[in-house]
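FYI, the numbering for the sequence shown is 86 to 208, going by my numbering.
Just so it is clear, CB atoms sit at the ideal spot from N, CA and C, and this is done for glycine as well.
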Amino acid sequence: MRSRVLCIFMLAVVASSSAQKYNKYDNFNADSIIQNERILLAYYKCVMDKGPCTKDGKNFKLVLPETLTTACARCSPKQKLVVRKLLLGIRAKSEPRFLELLDKYDPERLNREALYNFLITGV
Numbered sequence: 086m087r088s089r090v091l092c093i094f095m096l097a098v099v100a101s102s103s104a105q106k107y108n109k110y111d112n113f114n115a116d117s118i119i120q121n122e123r124i125l126l127a128y129y130k131c132v133m134d135k136g137p138c139t140k141d142g143k144n145f146k147l148v149l150p151e152t153l154t155t156a157c158a159r160c161s162p163k164q165k166l167v168v169r170k171l172l173l174g175i176r177a178k179s180e181p182r183f184l185e186l187l188d189k190y191d192p193e194r195l196n197r198e199a200l201y202n203f204l205i206t207g208v
């Protein structure tokens, strides 16, 4: 279940970081992914290089580094809501997997403060 939440989170983050390229994710249903452990785990494994990726998973994986390192700076307002919801959902379901995700894409922890601020404020 925790893995799926992380996968969903990653999906949202990736979709949000590149607003021009991934507008189709503006209305992404984060709740449905967070609540489906199988799907969440699949996305998590994809972005963590622990399993196969779907087309969406590959797209999310491409933009996830930028999304996390910029705290969703290039995201549209709708995408920020989705990314924030996914990240908070993943964190609530599995703090260790959430931290593993952050460590993979921001190993030097250069943007943790900005990312946590984004999670708290949405800005």
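Check: How big is the Cα-Cα spacing for LYS140 and VAL132?; Outcome: 12 Å
Check: What would DSSP say about ASP188, mapped onto helix, strand or coil?; Outcome: helix
Check: Do you know how far the Cα of GLU122 is from the Cα of PHE113?; Outcome: 17 Å
Check: Using a 10 Å radius around the Cβ and a threshold of 16 neighbouring Cβ atoms, would you call ARG169 buried or exposed?; Outcome: buried
Check: Tell me whether the beta-carbon of ASP191 lies closer than 8 Å to the beta-carbon of THR154.; Outcome: yes
Check: Rounded to the nearest angstrom, how far is the Cβ of LYS143 from that of GLY136, given a contact under 8 Å?; Outcome: LYS143 to GLY136, Cβ: 12 Å. No contact.
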